[in-house]
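Q: Starting off with a structure, shown below.
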Amino acid sequence: MQRFRLEQRSQSPGILANLTHGLDEYSLGKKQAEDYLTRTLFLLTPKPTPKKRERMIKLAATTLLMQRLNCRLTGHISTQQLEEKFLLIGAMIDPYDGVLDGPNLENSVHFCADLFQVFTPDRHV
Amino acid sequence: MPRTDHIGFWKVLKAMHVIQTISLMQRVDAQKQLGLKFSAKDLYEISTVKGGLNAILFASMIDTSLADTVIDIEFPPVLSLKEVEQMRQTYLTHGSLYLRGHNRLADAMYITGALVQLVDDIEDVPDDMEEGVQTAFTSDSRMTLTFLRDIPFHLREISNQFLAAGKSREETDMVLLYLELYIARKMLKRFGKFR
Chain A
0 MQRFRLEQRS
10 QSPGILANLT
20 HGLDEYSLGK
30 KQAEDYLTRT
40 LFLLTPKPTP
50 KKRERMIKLA
60 ATTLLMQRLN
70 CRLTGHISTQ
80 QLEEKFLLIG
90 AMIDPYDGVL
100 DGPNLENSVH
110 FCADLFQVFT
120 PDRHV
Chain B
0 MPRTDHIGFW
10 KVLKAMHVIQ
20 TISLMQRVDA
30 QKQLGLKFSA
40 KDLYEISTVK
50 GGLNAILFAS
60 MIDTSLADTV
70 IDIEFPPVLS
80 LKEVEQMRQT
90 YLTHGSLYLR
100 GHNRLADAMY
110 ITGALVQLVD
120 DIEDVPDDME
130 EGVQTAFTSD
140 SRMTLTFLRD
150 IPFHLREISN
160 QFLAAGKSRE
170 ETDMVLLYLE
180 LYIARKMLKR
190 FGKFR
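Note that the protein sequences, when read in sequence, are chains A and B. Each residue of the first sequence is one higher than the last, beginning at 0 in numbering that gives the first Met the number 0. Each residue of the second sequence is one higher than the last, beginning at 0 in numbering that gives the first Met the number 0.
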């Protein structure tokens, strides 16, 4: 089972891209996006409990929040916008708990590796 | 060119991601896979750095000069558990992600963030034990009592650091008040209910 999941993952464009795509649709309110997101999250958590599932969705939000934060940092940060930035950062940091205690160590390492790409200077996010 | 416009902020965010990645080594299965067993001191250090950098991350949004206290990091081209442990040794055992003594306000923020994370660890002990995550407080039961006993000293150190950074007594007292309320709330959640 473990091997199957890893093979399945290697054929995908990457957890980061998958989650972002799923969450983009999710934020647009498309109903099927939730199924898409659940299928993608299966790579990280095969049988999520409701609590775990909620955490995994928050984890997915990390990727999108990072990108949004990146976009919003292109301009000058005004005092008025600061609170929103704080909320974004807080929302981004919190889901790491889901990575830390996720049931599959290898997938958690993969996720961290994928997230490293966000910080690679020559990679356009 | 977002990252070049906000180099300091991204640098802290990178360091934050590194320490979060390193914290994977808090997992019992991760240590077992590499044949390691961390001491309470090792685990204490992970929490300290995680909390400290978290505080610097938020503070650097207001004062970008605070980011100068955090080192810039080159990511490994490939990441496996072995590299994660290598990063832990490089940035926690032999080196540091945070440069103490360069900015007094940053130092005050850093030790405040560290205290917040350690208190959070105490609250999470039951969950962490159930989920196979180790902190200083799950690995050594005496650590909780020692830490709680030392809280007045930690608060005094924080107070001294903020005052040394040029903050007024009123501002410093406000920080301490919020910290005390936070600690009280967390301890009530940890010890004030049946599980």
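We put the CB at the ideal spot given by N, CA and C, even for glycine.
Would K185 of chain B and V132 of chain B be called neighbours here (beta carbons separated by less than 8 Å)?
A: no
Q: Out of B:G112, B:I121, B:K13, which has the shortest C-alpha to C-alpha gap to L147 of chain B?
A: For L147 of chain B, the nearest C-alpha among the options comes from B:I121.
Q: Bridge partners of R26 of chain B, per DSSP?
A: B:V132
Q: Specify, as a first and last residue, the run of the alpha helix (DSSP H) that D67 of chain B falls within.
A: Counting along the chain, no alpha helix (DSSP H) covers D67 of chain B, and no H or E run does either.
Q: For V83 of chain B, go through chain A and note every residue whose CB falls closer than 7 Å to its CB, in chain order.
A: Going along chain A in sequence order, the residues near V83 of chain B (Cβ under 7 Å) are V108.
Q: Among B:K10, B:D106, B:H16, B:F8, whose alpha-carbon lies nearest the alpha-carbon of F115 of chain A?
A: B:H16
Q: Compute the Euclidean distance between the alpha carbons of L96 of chain B and P151 of chain B, then round it to the nearest angstrom.
A: 27 Å
Q: Using only CA atoms, which one of B:G191, B:V174, B:R189, B:L180 lies nearest to A54 of chain B?
A: B:V174
Q: Whole angstroms are fine: how far does the CA of V115 of chain B sit from the CA of R71 of chain A?
A: Confidence at R71 of chain A is low in this model, with a pLDDT of 48, below 50, so its placement is unreliable and the value that follows should be read with caution. The straight-line gap from Cα to Cα measures roughly 28 Å.
Q: In terms of residues, what are the limits of the alpha helix (DSSP H) holding Q88 of chain B?
A: Premise fails: Q88 of chain B is in no alpha helix (DSSP H) and is neither H nor E.
Q: For H101 of chain B, which residues in the same chain have their Cβ closer than 8 Å to its Cβ, ignoring the five residues on either side in sequence?
A: Listed in chain order, the non-local C-beta contacts of H101 of chain B below 8 Å within the same chain comprise D67, T68, local neighbours out to five positions each way being set aside.
Q: For Y97 of chain B, which beta-bridge partners are listed by DSSP?
A: B:V69
Q: Along chain A, in chain order, which residues have C-beta atoms closer than 8 Å to that of A29 of chain B?
A: L104
Q: Give the straight-line distance between the Cα atoms of S167 of chain B and S59 of chain B, rounded to the nearest whole angstrom.
A: 20 Å
Q: Among residues of its own chain, excluding the 5 on either side of L42 of chain B, which ones have a beta-carbon nearer than 7 Å to its beta-carbon?
A: Q25, Q133, T134, A135, S138
Q: So, is the C-beta of L98 of chain B closer than 8 Å to a C-beta in chain A?
A: Among the CB atoms of chain A, none fall inside 8 Å of the CB of L98 of chain B.
Q: At least one CB of chain A closer than 8 Å to the CB of R26 of chain B: is that the case?
A: It does: the Cβ of R26 of chain B has a partner Cβ on chain A nearer than 8 Å.
Q: Please report the Cβ distance between L65 of chain B and A105 of chain B, rounded to the nearest whole angstrom; I am assuming they are in contact, meaning their Cβ atoms lie under 8 Å.
A: 5 Å
Q: So with CB distances below 7 Å, who are the chain A contacts of F136 of chain B?
A: Per Cβ cutoff of 7 Å: no residues; F136 of chain B is ~15 Å from chain A at best.
Q: Assign S140 of chain B to one of three DSSP states: helix, strand, or coil.
A: coil
Q: Output the boundary residues of the alpha helix (DSSP H) element that contains A107 of chain B.
A: 103-122
Q: For S38 of chain B, collect the residues of the same chain with a Cβ closer than 8 Å to its Cβ; drop the 5 residues on either side in sequence, then sort them by chain order.
A: S138
Q: Cα separation between R103 of chain B and I110 of chain B?
A: In this structure, the straight-line span from the alpha carbon of R103 of chain B to that of I110 of chain B is close to 11 Å.
Q: Anything in the region 64-84 of chain B with a Cβ closer than 7 Å to a Cβ of chain A? List those residues in chain order, please.
A: F74, L78, S79, L80, V83
Q: Please classify L33 of chain B as buried or exposed, where buried requires at least 16 neighbouring CB atoms within 10 angstroms.
A: So L33 of chain B ends up on the exposed side.
Q: Specify the secondary structure class of P125 of chain B as computed by DSSP and reduced to three states.
A: Residue state for P125 of chain B is assigned as helix, using DSSP reduced to three classes.
Q: Between B:V11, B:S22, B:T92, B:V77, which has its C-alpha nearest D62 of chain B's C-alpha?
A: B:V11
Q: Would you call the CB atoms of G112 of chain B and G165 of chain B closer than 8 Å?
A: No, these two residues do not count as a Cβ contact at 8 Å.
Q: How far does the alpha helix (DSSP H) with V208 of chain B in it extend, from its first residue to its last?
A: The structure shown has nothing for residue 208 of chain B, since chain B only spans 0 to 194.
Q: Evaluate F8 of chain B with the Cβ neighbour count: other Cβ atoms within 10 Å of its Cβ, from every protein chain shown; 16 or more gives buried, anything less gives exposed.
A: buried
Q: How would you call S22 of chain B, buried or exposed, if buried means at least 16 neighbouring beta carbons within 10 angstroms?
A: It counts as buried.
Q: Might you give, ordered along the chain, the residues of its own chain that have their beta carbon closer than 8 Å to the beta carbon of M86 of chain B, omitting 5 neighbours on each side?
A: V17, T20, I21, P75
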